[in-house]
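*Asks:* Can you keep this structure in mind? I'll have questions shortly.
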Amino acid sequence: MNDPVSETDHNSYDAMLAAVQAFHHKHDFRNTGGEELAYRVALMAEELGEISACVTKGKDTPKLAEEVADLMILVMGTAIAADFDLKAAFWDKMEKLMARESRMVNGRIRVSEFRDT
Ligand SMILES: [Mg+2]
């Protein structure tokens, strides 16, 4: 009953954020350096490297999913550490992205503002 995330809440962003917050509380990240932004950037880069290794070394999809989840947990924790509303930022940014044009650049699609071309 003390689980902050019930099974029925697993599709909710707020429940996911509560779980990450519980993880931070469990290890007292705020008072042990775990919420220092420069450290968190290094940890996110480390996880991105692990994602890259999954792709370049042909690891299976469950391993890729685990590494992407590692990065997502760090990203959500960074919103806790820096005290911003990531859900609001996500929806604000999605609105901007959906309004942007796309182009093919070197054979791949790119969605950008294309201000300097
Ligand atoms: Mg990892």
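Here the sequence shown is numbered in this note's numbering, starting from 16 and rising by one per residue. All C-beta atoms, glycine included, are put in the ideal place defined by N, C-alpha and C.
#1: Tell me the residue span of the alpha helix (DSSP H) that contains Arg55.
#2: Do you know how far the Cα of Ala94 is from the Cα of Asp43?
#3: Taking only the alpha-carbon atoms, compute the straight-line gap between Lys102 and Ser27 and give it to the nearest angstrom.
#4: Could you compute how far the alpha carbon of Asp98 sits from the alpha carbon of Met31?
#5: Determine the closest residue to Leu89 out of Asp29, Lys111, Asp24 and Gly49, with distance taken between C-alpha atoms.
#6: Bridge partners of Val126, per DSSP?
#7: Would Gly92 be called buried (16 or more neighbouring beta carbons within 10 Å of its own) or exposed?
*Replies:* On the basis of the data shown:
#1: Leu52 to Thr71
#2: 16 Å
#3: 11 Å
#4: 16 Å
#5: Gly49
#6: Ser117
#7: buried
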